[in-house]
Amino acid sequence: MKKLLSIIIAGLSFSAMHSQETTPEDALRYAVENLTGSARFRGMSGAFGAVGGDLSAINQNPAGSIFFTNNYATFTGSVYNSKNISRYYGSTGKENDSSLDLNQAGVVFVFKDNNPKNDWQKFTIALNYENNNNFNNSIYSAGTNPYNSIDKYFLRFANGLPQEGGITLQTLEQAFFEDLNFIDQQALLGYNAYIFNPVSNTNANSVYVSNVPTNSNFQQQNYTITTGYDGKFTANFATSFKDRLFLGINLNYHYTDIIKTTSVYESYNNPDPATLQSVQFDTETHTFGSGYAFNLGAIVKATESLRVGLAYQSPTWYRLSDEQRQAVVATNNGNTSVYNPDITMIYDSYTIQTPSKWTGSVAYLFGKKGLLSADVSTKDYSNTKFRPQNDYTGINSFMSSALENAIEIRLGGEYKYKAYSFRGGYRFDQSPYKVDQAFGDLTGYSGGLGYTFGDSRIDLAYSYDHRNFNYTFLSSGLTDPARVSRYNNTITVSYSVNF
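Residue numbering for the sequence shown follows our numbering, beginning at 2 and increasing consecutively.
Spelled out as structure tokens, the structure:
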């Protein structure tokens, strides 16, 4: 059946990402950070806040670029693999996705003043691109739901939401899809899928009851495909004071483009061919836009071996737009009918504000033999917001109460032997939720090695992380969650050169 879902979606020529109503997950996909960057950075799980000397390290602390001794450039490619194992009412679905990406490219220019009377003898300017997030993955869930049907989603809109009226039968029979608001569009989709019938019709609103067979369990499948990225371009400046205090600033420009296609299929073990036999509901949303943010950072060389760092990352303000297409396929009375409005709905732009972050770091360098490093970050996810706030009062209030301050820990080490470097790291990222069932903690490990060829170097890293989370087929009504375990494996190769 999963292959059939894919074929139908392709035949409808969808092009979009987000589903139905705005959810906290639409904001958290930008607020929750992932391990990205160069192979050296990944090999140590990103524990570079007080280390510096790597182009990806400026994301942790912008003062880190000051530790380059020469002009330097790095180019990075990665192979991503994402495996999702979904469990839904005793059944298990698995999906495995892989992709290749040039995920980092950057350069730093080093300027020195040898005048001994000048306390500010060095500064650096860096330009760096990184793919902040690779969204390519898919989730397949299937199982027999003994409690809830897809009808609850459509009836919720047809009979009315709290403080909002339902829809009249006359409107359902005569209105054009593109002339209706989102709520009434969902009702029209359900009506054309024969999911509900009217039991009364008044001049105000009609009343509707489900047409789904009540003497049957609900055999349900969901197939979700997500593609896209969140890219970031950074302009960095750093300087040093008496070779003890190092200061830096980043100006970041983000741009994002995501397509998410969701197909929900429900069938009924009902021998009566005169009743509704199955329903398929397809939604595709295209989300795109840009954002901006800044970083400030400082590193203090307490001794020749010990460094301490502190960095602030501002909120990122994304300006986003959504375009959406939907369709339903129903089997009723032995006939299959497709209701495809063939309309791309373009919604008003909106803003997502992600929370700010503070990072404290410490690193100990064993001369030229190696180092140990630790970063601890704190981020208050309850400050995540949709704007304009008057349009998103409900969801903003929910996130303010359900999300909390979360801690991220990164530990890393590097050992050097002749031209070789050996690296390892650990990462823990706490759930943004007060009750982490919806979106659990992340645990990750990494390792890597490097080899220096005089003025150039090649690095290789492997990183792994795992997180559990709940995934609902629809954002309301049919909200029975599938429990998804996601495993990410990434192999990264970087080439760096002094010039």
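Just so it is clear, CB atoms sit at the ideal spot from N, CA and C, and this is done for glycine as well.
Straight-line gap, residue i to residue j (C-alpha atoms, nearest Å)
| i | j | result |
| --- | --- | --- |
| F247 | L404 | 34 angstroms |
| R411 | Y427 | 6 angstroms |
| V498 | K370 | 21 angstroms |
| S57 | E179 | 46 angstroms |
| F470 | D381 | 19 angstroms |
| T93 | A483 | 9 angstroms |
| F242 | N116 | 13 angstroms |
| E191 | S211 | It is worth fixing the name first, because residue 191 is Gly in this sequence and not Glu. Their backbone Cα atoms lie some 10 angstroms apart in a straight line. |
| A1 | A236 | The question about residue 1 has no answer here: the residues shown for the chain are numbered 2 through 500. |
| K95 | Y488 | 11 angstroms |
| R308 | I353 | 35 angstroms |
| L479 | R88 | 16 angstroms |
| T315 | V213 | One detail in the question is off: residue 315 reads as Ser in this sequence, not Thr. Rounded to the nearest angstrom, the two C-alpha atoms are 50 angstroms apart. |
| S100 | T262 | 18 angstroms |
| T284 | V329 | 9 angstroms |
| R43 | H287 | 30 angstroms |
| N82 | D466 | 11 angstroms |
| E415 | F423 | 6 angstroms |
| D55 | R30 | 26 angstroms |
| L5 | A143 | For L5, the predicted structure reports a pLDDT of 45, less than 50, and the residue's modelled location is therefore unreliable. A value from the coordinates is still provided. Answer to the nearest angstrom: the Cα atoms are 14 angstroms apart. |
| D481 | A462 | 38 angstroms |
| A176 | D376 | 57 angstroms |
| M346 | D27 | 18 angstroms |
Cβ-based neighbour list, residue i, same chain, cut-off 6 angstroms, excluding 5 preceding and 5 following
| i | result |
| --- | --- |
| A331 | A194, Y195, V280 and S338 |
| S374 | A48, V52, A364 and G413 |
| S7 | With a pLDDT of 46 at S7, under the threshold of 50, the modelled position of this residue cannot be trusted; read the value that follows with caution. Within the same chain, S7 has no close Cβ partners at all. |
| V265 | N223, F282 and F474 |
| A420 | Y452 and T453 |
| N35 | N134 |
| Q220 | T145 and S268 |
| F440 | S432, Y434 and F470 |
| N218 | T145 and P147 |
| S401 | S383 |
| L366 | S306 and L372 |
| L297 | I250 and Y313 |
| A275 | N334 |
Beta carbon of residue i nearer than 8 angstroms to that of residue j
| i | j | result |
| --- | --- | --- |
| D1 | Y230 | Any question about residue 1 goes unanswered here, given that the chain covers just 2 to 500. |
| N1 | L277 | For the chain, the structure presents residues 2 to 500; residue 1 sits outside this window and is missing. |
| N253 | I59 | no |
| A40 | S495 | yes |
| T360 | A312 | yes |
| T77 | N137 | no |
| N62 | I300 | yes |
| G368 | G65 | no |
| G425 | S362 | no |
| I492 | S79 | yes |
Beta-carbon proximity list for residue i, same chain, < 7 angstroms, skipping 5 on both sides
| i | result |
| --- | --- |
| N397 | K386, F387 and Q390 |
| D456 | V498 and N499 |
| T37 | N104, E131, N132 and N133 |
| D392 | none |
| T444 | F429, D466 and H467 |
| R320 | G290, S291, G292, S350 and T352 |
| N71 | V111 and N499 |
| N490 | N82 and Y465 |
Neighbourhood of residue i by C-beta distance below 8 angstroms, restricted to the same chain and skipping five residues each side
| i | result |
| --- | --- |
| E113 | According to the sequence displayed, residue 113 carries Lys and not Glu. Only Q122 and K123 meet the Cβ criterion. |
| S357 | Y313, Q314, S315, P316, K380, D381 and N384 |
| G232 | Y130, E131, N132, N133, H255, Y256 and T257 |
Whole-Å CB distance - residue i paired with residue j, under 8 angstroms assumed
| i | j | result |
| --- | --- | --- |
| D442 | D430 | 7 angstroms |
| A239 | I408 | That pair is no contact at about 27 angstroms. |
| I151 | V485 | Incorrect: roughly 20 angstroms between the Cβ atoms, too far for contact. |
Segment contact flag, the stretch 102-110 with the stretch 153-170, C-beta cutoff 8 angstroms, min 3 pairs: With the cut-off at 8 angstroms, the stretch 102-110 and the stretch 153-170 do not touch.
Answer yes if the stretch 182-189 comes into contact with the stretch 162-171, meaning at least three C-beta pairs across the two stretches below 8 angstroms, and no otherwise. At 8 angstroms Cβ cutoff, the stretches touch.
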